[in-house]
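Residue numbers (the numbering used here): 3 to 111. Don't be surprised by glycine CBs; every beta carbon is placed ideally from N, CA and C.
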């Protein structure tokens with residue numbers, strides 16, 4: 003879900019699936035051409051931008067099917083990092099992005 007909590011969904015100005023497809027396709031292509039102990043095998047590879055993008059919805063769909071929970075809009079936060087967000091600073095239109103995921107990052111911060 004995109005956007006801030008309590009607000010309507012935010013629009014994304016790009017096709018998120020295009021980025022995922024660019025990551026997944028090289029891996030899909032490498033599979034058939036990887037060396038096999040008894041020689042290469044014929045292979046067919048197909049893909050779709052929809053499938054590449056749908057993988058990002060998997061955790062939310064599974065949580066809804068298993069627990070009945072709808073995803074929430076969390077803005078710039080990350081459920082696996084703290085602190086994580088974009089924080090307003092002193093002055094007009096001044097912001098600072100902070101993301102800390104590990105103890106080592108926290109100590110450095």
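Option in 62, 99, 106 and 54 with minimal Cα separation from residue 20: To locate residue 20, count along the chain shown from 1; it is residue 18. Ranking 62, 99, 106 and 54 by Cα distance to residue 20 puts 54 first.
Backbone secondary structure at residue 62 - three-state DSSP: Here residue 62 corresponds to residue number 60 of the chain shown, with the count starting at 1. In the structure shown, the three-state DSSP call for residue 62 is helix.
Beta-bridge partners of residue 138, as assigned by DSSP: The requested residue 138 does not occur in the structure, where the chain is confined to residues 3 to 111.
Distance CB(residue 36)-CB(residue 49) smaller than 8 Å: One-based indexing of the chain shown puts residue 36 at position 34. One-based indexing of the chain shown puts residue 49 at position 47. The criterion of a C-beta distance shorter than 8 Å is not satisfied by residue 36 and residue 49.
Where residue 15 falls: helix, strand or coil (DSSP): Along the chain shown, read from residue 1 onward, the residue named residue 15 stands at position 13. In the structure shown, residue 15 sits in coil (DSSP, three-state: anything other than H, G, I, E or B).
6 Å CB neighbourhood of residue 80 in its chain, flanking five on each side removed: Position 78 of the chain shown, counted from the start, is the residue given in the question as residue 80. The residues are 86.
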